[in-house]
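**Q** Supplied in structure tokens, the structure appears directly below.
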Amino acid sequence: TSSTPKTKPNLRLRGRSRSSIRPVTNGQVITHLKSSSQAHTGLDKAQPILKLVGLPSHLMEFVSDNLKKALLKRIKDLEREAQILLKSHTREAASGDGISTYEAHLAREFEPPAALQQLLNPMAMPIVPLSTSPMPMASNSPTPARLDQSKQSGMSVSVEEKIGIEAAIVDLRVHKAKAKVAQLKAALAEQKAEVRRLRAKLAKRPEIRVWNQRLRRLQGRYDKLRAEHAKRQAFASSASRRRDLRLRRANSRSKSSQLATERVKELRADTRSLHGLICEANEKLQQQSVGSIITKTSRPSGGQQYTNQVISTCMHLVLDCHVPVQHVKPAIRRVLTDLVGIDAGNLALPSRSQVSALSYSLGSCLAKASAMEKLLHQGAKEDRPITILHDATSKKGRHYAAYQVDTGDSRPMAVSLREVEGGTANIYARELDYSVEELVDLFCSVVLAHSSDEERRRLKCNLLARVNFLMTDRHVVNKCLNVLLNEMRQELATQQGVNPPPPVTALFCGMHVIVNLAAAAEAALREWETCMAAEAVGSAALPGFRPSQAESGTQRLIRTVCKAFHALGSEQCGVAIPLQTYLESKGAPSLRLDDFRGNRAYITFPNGGNIFWQRDRLSEFLAEYTCSNRLLIAVQADLASDLLLSGCRALGIADVLLIRPLWVLLRCRDVTLTDMNERYERACNWLRQLSSSEGVTVASSMIGPFPELAQTVLRDIQLQDIWAALTSELTALENEIVGQALQIMATHMLVLLEREVRDHLPGGTLRQLTPEVAQLVSSAPKDNVAVERGFGMLDKCVADRPNMRPLARESLVLFGYNCTSEWLADKTEREKDLLLTRARKLVPQLEKRGKESADALRSCRQEILRAKLAEKQRKKDSNAESIRSILRVIEAYGGLWPTISRMDAVLHQLAPDQHEKAIKAQLQLHKATSTTRPACSTFSAAGVKRSVPQLRSQLREVLQIVELQDQQKGADAPTVPPSGLLDARERKERIST
1 TSSTPKTKPN
11 LRLRGRSRSS
21 IRPVTNGQVI
31 THLKSSSQAH
41 TGLDKAQPIL
51 KLVGLPSHLM
61 EFVSDNLKKA
71 LLKRIKDLER
81 EAQILLKSHT
91 REAASGDGIS
101 TYEAHLAREF
111 EPPAALQQLL
121 NPMAMPIVPL
131 STSPMPMASN
141 SPTPARLDQS
151 KQSGMSVSVE
161 EKIGIEAAIV
171 DLRVHKAKAK
181 VAQLKAALAE
191 QKAEVRRLRA
201 KLAKRPEIRV
211 WNQRLRRLQG
221 RYDKLRAEHA
231 KRQAFASSAS
241 RRRDLRLRRA
251 NSRSKSSQLA
261 TERVKELRAD
271 TRSLHGLICE
281 ANEKLQQQSV
291 GSIITKTSRP
301 SGGQQYTNQV
311 ISTCMHLVLD
321 CHVPVQHVKP
331 AIRRVLTDLV
341 GIDAGNLALP
351 SRSQVSALSY
361 SLGSCLAKAS
371 AMEKLLHQGA
381 KEDRPITILH
391 DATSKKGRHY
401 AAYQVDTGDS
411 RPMAVSLREV
421 EGGTANIYAR
431 ELDYSVEELV
441 DLFCSVVLAH
451 SSDEERRRLK
461 CNLLARVNFL
471 MTDRHVVNKC
481 LNVLLNEMRQ
491 ELATQQGVNP
501 PPPVTALFCG
511 MHVIVNLAAA
521 AEAALREWET
531 CMAAEAVGSA
541 ALPGFRPSQA
551 ESGTQRLIRT
561 VCKAFHALGS
571 EQCGVAIPLQ
581 TYLESKGAPS
591 LRLDDFRGNR
601 AYITFPNGGN
611 IFWQRDRLSE
621 FLAEYTCSNR
631 LLIAVQADLA
641 SDLLLSGCRA
651 LGIADVLLIR
661 PLWVLLRCRD
671 VTLTDMNERY
681 ERACNWLRQL
691 SSSEGVTVAS
701 SMIGPFPELA
711 QTVLRDIQLQ
721 DIWAALTSEL
731 TALENEIVGQ
741 ALQIMATHML
751 VLLEREVRDH
761 LPGGTLRQLT
771 PEVAQLVSSA
781 PKDNVAVERG
791 FGMLDKCVAD
801 RPNMRPLARE
811 SLVLFGYNCT
821 SEWLADKTER
831 EKDLLLTRAR
841 KLVPQLEKRG
851 KESADALRSC
861 RQEILRAKLA
871 EKQRKKDSNA
881 ESIRSILRVI
891 EAYGGLWPTI
901 SRMDAVLHQL
911 APDQHEKAIK
921 AQLQLHKATS
931 TTRPACSTFS
941 AAGVKRSVPQ
951 LRSQLREVLQ
961 IVELQDQQKG
971 ADAPTVPPSG
981 LLDARERKER
991 IST
């Protein structure tokens, strides 16, 4: 054995190759998975694949679920990649470049996940190497080495031991030989199996003639493709030459080329629209052929959904036609049944909740997207200013903030109309920022479809940087809002790394000037009536009538006449229909009167003239009609007062000479905001001249500050009659009274007008503009009437549907205000369908956002209420502590002084230096606990402390009032017990009777 050459270790596996994975291709695995999907579900689909790659059945239980998921995911990825490569398979096969990438992908050997390979590799265990060298064995039998050791140690070996040693050596060699033979047999069997497998694989291969046929076929295909490629190349060369020739000819005719290009664009647009019409006609023909309407289509993610046409119809019915949500489905079915003749009884239509969610969310989304698109289209023109219009209002206890954007074309777009928790500048600035951000997000999601967050932030920054003006009223909050808007724009510019834009110029609404002039006229009339009348006049002089002291008699007359005679007046006491019948019977014109509801305070000017013109007919009607309620009695008494009628006449004259011309100037597009500088200056000069004149003569020849507008104002025939009635048939006394009323009104209105329009007067902001800014200001709006129109729509919405969601209310107003239906009608059918599809994906997000906004608003209200209650309790505790401290001082100076005699007695006992402190303590207690105090109940006047005698005189007046009140209480004291019940005997007598 020692002469046997050493062999290399045999690393072949026992029964299998090292990988222990049966070679399979990607195509076989994909096909096997599809065929086994019918018999297996879930993770059980992985078992046939594991058997296919050669995993023994006894190892199936060691395969985890995660490994099965990984294996199925690997096969799904291969199948998805094969589907992608299949698209280019036909083109690659036609080019004749050999095997396509799709075929190569399917023929590639399948590579299972690494975890599966780790599970299969431990099956490859190496066999002991076949070698002739003796192997050491651990045995107790004697060996030659042991014999040598025994010899060295001096021990002798017997014959029997030698024979045993030789027999053991023979047995060892026989054992080794048998092991070697077994190894050789196993290796031979493995080689035979490998030979059989290779022979079987070789037998499956096609013969050489088959390969030759394939080669000849591919060669023929290649030759054909090459010839075809040569033809195409020649054709392309000739086409290129012809194109170059046409291009040279076209360049020589540039003008005709431009016309042709424009014509081609028009034809393409017409073609697209015609294709849309053809598709729509085909759908209608298909629907008519089957006698029904297709209302559902396949959803991309699976299942069914309503078509865009159905959703668009529901949206237009709700937002355009104002059909209630619960009546949309019956309305559609009734129209289809009666007009089209289709049995729509079983037609699938959206439910009420779906109509509500889709209509309002889609409407809000599309309305804001249309506003942003129009804004970008108009705002791209550098000569057009961008003005943000802002105003706020309260309806039914809720506060709303509205924002609109004007681009100089007198067609503002509504941006938002939100309910807010308060009216501070921070809240308004927060809502403006959120509204602009939502406007940009919805536009990018619906119209652009693909835009990153950085692009949206840049678009928002550019939009706010293009803002030139902020139009508001003169409320103090709006001054802070202008500052916050400039800070917001500077912060956005810093984040984008651009130069900060110039500050926004504050503009003020001209309509609010007229509204405030009405308030000034009301204060002037209240002062004028106090000067003219020695006692109460009109209904104020009737017994039992207690009119408001904060309202002038003239305004009371105008208000009560509107309440009694207007069609929208009092439902309980009004007589609009009897008055109309009476006027028709007399052949008189209909009542000319504007209602207070839906109008601002300036309505007192025209209504004053209307009432004076119709005073005789109204008085005659009340004389013939039974005054059955206190309202009619009050109106009759006020109409009989010459003083109140003179106030109405003064209001009517001011309306024709000043108020109506101002309205004409504000509504005229030819008059710019800079042109109003000179007009407001003329109005101030006219009021100054009227107020400082010695006397005013009321006549039809009176001239206001704008005589050039007299014909425009008096274009109405009835208004000419009203003007004639206002300026004719005046006695000297009436002329004097009306002239004094006009002078007092002019004084008050002049003070207010100079304060309201100081930016337009000499030295004001709008008189010191640069030429560039002045050009932009000339295109800016003159008033905030556009926002008031939105509030009018909101008012009707709140009155008709008080329980609407904030999102639904905003959508209802914005959809109609921004003319969203016309914007959609200008789109092609394909563009419209694409917009609706994108907008429908945003509906869940908008609904969630609206719900979160409503919850946040509710939480803010609760927090504000808790803060108010806490502040009220704090003030109450502070007052209680103040009263306790005052009582301690009072107790130190003899207690409370209920009468004047008690005051004199205690002061006589106190030292003179203690009088001031004691009297002040008594006055402070009365001031904190009683509601009736003298007019001068203060400790100082004009910064000078009152003396002790003056303080004592004040306390004496207070005690006199307290004594008088105690006497009245004693005289009017009830005879019933404090509990409010009579005694038992009297109750029994009353019950028995």
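Numbered per the UniProt record's numbering, the sequence shown finishes at 993, counting up by one with no gaps. From the three backbone atoms N, C-alpha and C, an ideal C-beta is built for every residue, glycine too. A quick note: this is a predicted structure, and the numbers were derived from the prediction, not measured.
(1) What's the C-alpha gap between C365 and A839?
(2) Which class does residue 1037 belong to by DSSP, given the choice of helix, strand or coil?
(3) On the premise that L439 lies in contact with K368, defined as a C-beta separation below 8 Å, what is that separation, rounded to the nearest angstrom?
(4) Quick one: what's V635 bridged to in DSSP?
(5) Looking only at its chain, what residues have a beta carbon closer than 7 Å to the beta carbon of T530, apart from the 5 residues adjacent to it on each side?
(6) Just to confirm before moving on: does the CB-CB distance between T387 and M471 stay below 8 Å?
(7) Run the CB neighbour count on M135, radius 10 Å, all protein chains shown included, and call it buried at 16 or more, exposed below.
(8) How would you call G341, buried or exposed, if buried means at least 16 neighbouring beta carbons within 10 angstroms?
(9) Three Cβ pairs or more, each shorter than 8 Å: is that satisfied between the stretch 722-735 and the stretch 749-768?
(10) Would you decide whether G538 is buried or exposed? Buried here means 16 or more other CB atoms lie within 10 Å of its CB.
(11) Here's the rule: buried if 16 or more other CB atoms are within 10 angstroms of the residue's CB, otherwise exposed. What is A145?
(12) For Y893, which three-state DSSP category applies?
(13) If you follow the beta strand (DSSP E) that L507 is part of, which residue opens it and which one closes it?
(14) Taking the continuous alpha helix (DSSP H) assigned at A774, which residues delimit it?
(15) Using only alpha-carbon positions, find the residue among Y222, I427 and L507 that is nearest to P781.
(16) Hey, could you find the ends of the alpha helix (DSSP H) F791 is sitting in?
(17) Taking the CB atoms as reference points, tell me whether D65 and L43 lie closer together than 8 Å.
(18) Report all residues from its chain with a CB closer than 8 Å to the CB of P589; omit the five preceding and five following residues, and keep chain order.
(19) Taking A104 as part of the alpha helix (DSSP H), name the residues at either end of that continuous run.
(20) Quick check on DSSP: helix, strand or coil for Y817?
(21) How is V537 classed by DSSP in three states: helix, strand or coil?
(22) Rounded to a whole number of angstroms, what is the C-alpha to C-alpha distance between G510 and N784?
(23) Once you ignore the five residues that flank P806 on each side, which residues in its own chain have a CB closer than 8 Å to its CB?
(24) Going by DSSP, which residues form a beta bridge with D391?
(25) May I have the straight-line CA-CA distance separating L658 from S693, to the nearest angstrom?
(26) With the cut-off set at 8 Å, would you say Y403 and S416 are in Cβ contact?
(27) Who does E419 pair with in a DSSP beta bridge?
(28) What's the C-alpha gap between A774 and Q711?
(29) Taking all protein chains shown into account, do 16 or more other C-beta atoms lie within 10 angstroms of the C-beta of V318, making it buried, or fewer, making it exposed?
(30) Measure from the alpha carbon of D966 to the alpha carbon of each residue in S36, S878, P898 and T727, then state which is nearest.
(31) Would the stretch 422-429 count as touching the stretch 827-836 if we require 3 or more Cβ pairs under 8 Å?
(32) Should Q873 be labelled buried (16 or more other beta-carbon atoms within 10 Å of its own) or exposed?
(33) For the alpha helix (DSSP H) containing F565, list its first residue and its last residue.
(34) Between the Cα of L492 and those of N482, L459, V170 and C480, spot the shortest distance and give me the residue it belongs to.
(35) Just verifying my parser: in three-state terms, what is the DSSP assignment at N346?
(36) I'd like the ranges of any alpha helix (DSSP H) spanning at least 4 consecutive residues and lying wholly in the stretch 640-671.
**A** According to the structure shown:
(1) Taking the first residue of the sequence shown as position 1, residue 365 is located at position 365. Taking the first residue of the sequence shown as position 1, residue 839 is located at position 839. Using only the alpha carbons, I get a separation of about 7 Å.
(2) Limits of the chain in this structure are 1 at one end and 993 at the other, which puts residue 1037 out of reach.
(3) Reading the sequence shown from its first residue, position 368 is the one you call residue 368. Reading the sequence shown from its first residue, position 439 is the one you call residue 439. Sure, about 5 Å apart at Cβ, within 8 Å.
(4) Taking the sequence shown and counting its residues from 1, the one referred to as residue 635 is at position 635. Paired residue(s): none; V635 is not in a bridge.
(5) Indexing the sequence shown from 1 puts residue 530 at position 530. There are no such residues.
(6) Numbered from its first residue, the sequence shown carries residue 387 at position 387. Numbered from its first residue, the sequence shown carries residue 471 at position 471. Closer than 8 Å, so yes.
(7) Against the sequence shown, residue 135 aligns to sequence position 135. The predicted model places M135 with a pLDDT of 40, which falls under 50 and marks its position as unreliable; any figure quoted below should be read in that light. Here M135 is exposed: its Cβ has fewer than 16 other Cβ atoms, across all protein chains shown, within 10 Å.
(8) Here residue 341 refers to the residue found at position 341 when the sequence shown is read from its first residue. Classification of G341: exposed, given that the 10 Å Cβ count is below 16.
(9) They do not touch, by the three-pair rule.
(10) Here residue 538 refers to the residue found at position 538 of the sequence shown. So G538 ends up on the buried side.
(11) Position 145 of the sequence shown, counted from the first residue, corresponds to residue 145. Caution is warranted here: a pLDDT of 49 is assigned to A145, below 50, making its placement in the model unreliable, and no coordinate value can be reported.
(12) By one-based count along the sequence shown, residue 893 stands at place 893. In this structure, Y893 counts as coil in the three-state DSSP scheme.
(13) Sequence index remark: in the sequence shown, residue 507 carries index 507 (1-based). Where L507 is concerned, the enclosing beta strand (DSSP E) stretches over T505 to F508.
(14) Sequence index remark: in the sequence shown, residue 774 carries index 774 (1-based). Membership of A774 in the alpha helix (DSSP H) is indicated by the continuous run P771 to V777.
(15) One-based indexing of the sequence shown puts residue 781 at position 781. For P781, the closest C-alpha among the options Y222, I427 and L507 is that of L507.
(16) Taking the sequence shown and counting its residues from 1, one reaches residue 791 at position 791. Where F791 is concerned, the enclosing alpha helix (DSSP H) stretches over V785 to D800.
(17) Sequence index remark: in the sequence shown, residue 65 carries index 65 (1-based). Sequence index remark: in the sequence shown, residue 43 carries index 43 (1-based). Yes. Within cutoff.
(18) Here residue 589 is taken as the residue at index 589 of the sequence shown, counted from 1. Here P589 has L583 and Q718 as same chain residues with Cβ atoms under 8 Å from its own Cβ, once five neighbours each way along the sequence are excluded.
(19) Against the sequence shown, residue 104 aligns to sequence position 104. Segment T101 to A107, the alpha helix (DSSP H) holding A104.
(20) The sequence position of residue 817 within the sequence shown is 817, counting from 1. Helix at Y817.
(21) For this step, residue 537 is matched to residue 537 along the sequence shown. Look at V537 here: in three-state DSSP terms it is coil, with no helix or strand label.
(22) Against the sequence shown, residue 510 aligns to sequence position 510. Against the sequence shown, residue 784 aligns to sequence position 784. Distance between the alpha carbons of G510 and N784: 7 Å.
(23) By 1-based counting over the sequence shown, the position of residue 806 is 806. The residues R418, E419, G850, S853, A854 and L857, in chain order, have a CB closer than 8 Å to that of P806 in the same chain once the five nearest residues on each side in sequence are set aside.
(24) Along the sequence shown, one-based indexing puts residue 391 at 391. As a beta-bridge residue in DSSP terms, D391 pairs with A402.
(25) Residue 658 sits at position 658 when you count from the first residue of the sequence shown. Residue 693 sits at position 693 when you count from the first residue of the sequence shown. Distance between L658 and S693, taken at the CA atoms: about 17 Å.
(26) Indexing the sequence shown from 1 puts residue 403 at position 403. Indexing the sequence shown from 1 puts residue 416 at position 416. Cβ distance < 8 Å, so Y403 and S416 count as in contact.
(27) Locating residue 419 in the sequence shown gives position 419, counting from the first residue. Assignment of beta-bridge partners to E419 by DSSP yields Y400.
(28) Taking the first residue of the sequence shown as position 1, residue 774 is located at position 774. Taking the first residue of the sequence shown as position 1, residue 711 is located at position 711. The C-alpha of A774 lies about 31 Å from the C-alpha of Q711.
(29) Counting from 1 along the sequence shown, the entry for residue 318 is found at position 318. V318 is buried by the Cβ-count criterion.
(30) As a position in the sequence shown, residue 966 is number 966, starting the count at 1. The shortest C-alpha separation from D966 is found at P898.
(31) No, the stretch 422-429 is not in contact with the stretch 827-836.
(32) Position 873 of the sequence shown, counting from 1, holds the residue named residue 873. Exposed, since its Cβ has fewer than 16 Cβ neighbours within 10 Å.
(33) As a working mapping, residue 565 is identified with position 565 in the sequence shown. G553 to F565 is the span of the alpha helix (DSSP H), which, as asked, contains F565.
(34) One-based indexing of the sequence shown puts residue 492 at position 492. When each option's Cα is compared against that of L492, the closest is L459.
(35) Reading the sequence shown from its first residue, position 346 is the one you call residue 346. Note: N346 maps to coil in three-state DSSP.
(36) 642-654 and 660-667, all fully within the stretch 640-671.
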